[in-house]
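Just so it is clear: in the sequence shown, position 112 is 112 by the working numbering, and no numbers are missing. Built from N, CA and C at the ideal position, the CB exists for glycine as well. Quantities reported herein were computed from a predicted structural model and do not represent experimental measurements. Heads up, the thing below is written out as structure tokens.
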Amino acid sequence: MSSSAATPLRVVSTESTRRRLSAKQAATVQRLTAATVDELRREGYEGLTVRNVARTAGVAPATAYTYFASREHLVTEVFWRRLEALADTTLTRRRSARSRVAAVMADLALLVADEPELAAACTVAMLSNDPDVRLLRDRIGREMRRRLQEALGDTADLAVLTTLEFAVSGALLHAGMGYQSYDALPDQLERVVAIVVPAG
1 MSSSAATPLR VVSTESTRRR LSAKQAATVQ RLTAATVDEL RREGYEGLTV RNVARTAGVA
61 PATAYTYFAS REHLVTEVFW RRLEALADTT LTRRRSARSR VAAVMADLAL LVADEPELAA
121 ACTVAMLSND PDVRLLRDRI GREMRRRLQE ALGDTADLAV LTTLEFAVSG ALLHAGMGYQ
181 SYDALPDQLE RVVAIVVPAG
């Protein structure tokens, strides 16, 4: 089960990849991203098109294309919004750095675990060279880094932080490619944390 189902969500941004949005535009983008998930459930990534998403959302295709350049952009936006809305992991200094980092990595690993079609689509879409996808990948990377750095504490070692970033992104890629189940990721990542994060 995804940790996002059990964790309260933060407020979702009203800023798209391309520009700041009015309330009406934000509602349109929200409909499009919700329709993307619906389309993925019905058609899978192979059948996903911006035009079909627009139809499902009740939006003109031309309007959809003003917000999203490609299906890769749409799918990556969905992942970014899920990550941005995910409440910060509760971190107390009474817990060890290892325990805090393992909890954050579990939340990140399980973000789309309950939605296999979305998870598989994210694996493909987020590797795109689309400039809007690259921008979102940077946002996703910065947000993951922020969460991991917070869990490590003020004296976070850059080499440890970078290794943890590689571990969680590699784990998500493996699961998205079907080499590993999402449910197994938290335990595996906890073992990585035990090796990488100093005790104490």
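| Item | Value |
| --- | --- |
| Per-residue DSSP class, three states only, for Leu-118 | helix |
| Ala-156 to Gly-58 span [Cα, whole Å] | 47 Å |
| Residues of its chain near Val-12, where Cβ-Cβ distance is below 7 Å and the 5 sequence neighbours each way are ignored | Low local confidence applies: a pLDDT of 45 at Val-12 is under 50, so the model's placement there is unreliable, and no value is given. |
| Check whether Val-133 and Glu-39 have beta carbons under 7 Å apart | no |
| Host alpha helix (DSSP H) of Tyr-45 (start-end) | Careful: Tyr-45 lies outside any alpha helix (DSSP H) and carries neither H nor E. |
| C-alpha gap between Val-78 and Ala-35, whole angstroms | 10 Å |
| Where Leu-111 falls: helix, strand or coil (DSSP) | coil |
| Boundaries (first-last residue) of the alpha helix (DSSP H) holding Thr-92 | Counting along the chain, Thr-92 falls outside any alpha helix (DSSP H), and DSSP gives it neither H nor E. |
| Three-way DSSP call (helix, strand, coil) for Leu-21 in this model | coil |
| Cα-Cα separation, Ala-167 to Thr-49 | 31 Å |
| Classification of Arg-146 by the beta-carbon crowding that lies within 10 angstroms, buried from 16 upward | exposed |
| Neighbour-count burial assignment, Met-144, 16 or more Cβ in a 10 Å radius | buried |
| Close beta carbons around Ala-64, own chain, < 8 Å, minus the five adjacent residues each side | Leu-32, Val-50, Arg-51, Val-53, Ala-54 and Ala-57 |
| Alpha-carbon to alpha-carbon, Pro-198 and Ala-27 | 45 Å |
| Pro-131: first and last residue of the uninterrupted alpha helix (DSSP H) it sits in | 131-152 |
| Counted within 10 angstroms of its Cβ, other Cβ atoms place Met-177 as buried (16 or more) or exposed | exposed |
| Ser-128 burial status per 10 Å Cβ neighbour count (16 or more: buried) | buried |
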